[in-house]
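Numbering (the working numbering), first residue to last: 1 to 351.
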Ligand SMILES: Nc1ncnc2c1ncn2[C@@H]1O[C@H](COP(=O)(O)OP(=O)(O)OP(=O)(O)O)[C@@H](O)[C@H]1O
Ligand SMILES: [Mg+2]
């Protein structure tokens, strides 16, 4: 079976392959906590990643290679993620009489019954969660299945960049792993994290720190960058860069960036309506904003006012040490964009 869960050694980097850029984060363990040693954000041409799939592998691996140069340290092993929309997860209950290869065979037999593709087109992995309540002779098994193409294209792009792609994770698991690092995170609460990227908005909801809901919408910062490109003639790449560094002209900020916050809030409200109508009664206790578009000035405050849920930007590095080569202010600004890559980097410490 392909290792969607994998195992751990040293010199790891989390690689988030987004539609507008590749993000790399490398962490090290410092006592009980972590330190961010290096990171990079390298933009991608619009043809490289489309609708969550890698369309041009060499453009992606070039960007990863450039990112590795920026990170400047000896990173050998990579953790990447497939989008949760490309993944089927299922909890199975299987007799604990099955172990090793027998268990693998049994998982495949059960998987074949609900996976809508031929098994040889699918990458499968599973984890034994533990005994089922009240049925100690059954084990709960978390099965993850994904089209092999989605795994292979990422793996190949990473491997072509002189890294070894050791773990292919799922993006929701990366976010789940990250939650305990966030400011004021209350594990027992009903916590939302919305990732607003360039092309996709994803709402993840967690209870007791475990994912209970996940849904994607086609919306993101591209609407803003395209509008700026069309009205002011700046290149898309330049607009993205200037948004990140806060170097856009005041006029563009006032005319386009600030008003765009209302569109973001509308889309997040829509995502929340879908969630509330999915049968969960209680209101979110906390909402975190991640992804590049979360970086728009004043967005969390406005969002909180409109949706009535305490809202803040997800900064995974608030309680993480900062390596000597990094600029703390720059890192704080880039933090929400690095959330997924950070959750992937954390994967290297899981045992
Ligand atoms: N400070 C900022 N203010 C407004 N927009 C920003 C800021 N920083 C980045 N962006 C926008 O965020 C988007 C990039 O975010 P991100 O890196 O999370 O997307 P991605 O992961 O590449 O895309 P996706 O997840 O949708 O595939 C771009 O549209 C960029 O212009
Ligand atoms: Mg993204």
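Even for Gly, the Cβ is constructed at its ideal location relative to N, Cα and C.
This one's a predicted model, so the numbers in the text were calculated from it and none came from an experiment.
Please name the residue in 231, 82 and 288 whose C-alpha comes closest to that of residue 336. 288
Among 110, 232 and 292, whose alpha-carbon lies nearest the alpha-carbon of residue 249? 232
Between the CA atoms of residue 22 and residue 294 - distance to the nearest angstrom: 17 Å
Tell me which residues pass a beta-carbon proximity test against ligand 2: closer than 5 Å to any heavy atom, given in chain order. Look at which beta carbons fall closer than 5 Å to any heavy atom of ligand 2; those residues are 18 and 197.
Would you say the beta carbon of residue 200 is closer than 6 Å to some non-hydrogen atom of ligand 1? The answer is yes for residue 200.
Hey, quick one: how far does the alpha helix (DSSP H) through residue 274 stretch, first residue to last? 258-276
Three-state secondary structure assigned by DSSP to residue 297: coil
Short check: CB of residue 150 to CB of residue 347, under 7 Å? no
Does ligand 1 have even one heavy atom less than 6 Å from the beta-carbon of residue 193? No; taking the cut-off as 6 Å, the Cβ of residue 193 has no heavy atom of ligand 1 nearer than that.
Can you have a look at residue 83 and say buried or exposed, based on whether 16 or more other CB atoms are within 10 angstroms of its CB? buried
Assuming residue 148 and residue 111 are in contact, meaning their beta carbons sit under 8 Å apart, how far apart are those beta carbons, in whole angstroms? About 13 Å separates the Cβ atoms of residue 148 and residue 111, ruling out a contact at the 8 Å cut-off.
Own chain residues within Cβ distance below 7 Å of residue 325, not counting five before or after: So the qualifying residues of the chain are 38.
With C-beta atoms as the reference, is residue 198 less than 7 Å away from residue 343? Not a contact, by the Cβ cut-off of 7 Å.
With residue 75 and residue 13 assumed to form a contact (beta carbons below 8 Å), what rounded beta-carbon distance in angstroms separates them? 4 Å
State buried or exposed for residue 359, treating a residue as buried only when at least 16 other CB atoms are found within 10 Å of its CB. The shown model of the chain, from 1 to 351, leaves out residue 359, and the question about it has no answer.
If you reduce the DSSP assignment to three classes, tell me which class residue 154 lands in. helix
Count the other C-beta atoms from every protein chain shown that fall within 10 angstroms of the C-beta of residue 36, then say buried if there are 16 or more, exposed otherwise. With at least 16 other beta carbons inside 10 angstroms of its own, residue 36 counts as buried.
Presumed contact (8 Å Cβ cut-off) between residue 290 and residue 339, rounded CB distance: 4 Å
Rounded distance between the beta-carbons of residue 141 and residue 107, thought under 8 Å: 6 Å
Taking residue 240 as part of the alpha helix (DSSP H), name the residues at either end of that continuous run. 236-245
Taking the alpha carbon of residue 373 as the reference point, which residue from 240, 72, 30 and 78 has its own alpha carbon closest? Look at the range of the chain in this structure, 1 to 351, and you will see that residue 373 is not part of it.
Judging by CA-CA distance, which residue of 61, 282 and 300 is the nearest neighbour of residue 15? 61
Does residue 279 pass the burial test, meaning 16 or more other C-beta atoms within 10 Å, or should it be called exposed? By the Cβ-count criterion, residue 279 is exposed, with fewer than 16 other Cβ atoms from all chains shown falling within 10 Å of its own Cβ.
Buried/exposed call for residue 101, threshold 16 Cβ in 10 Å: exposed
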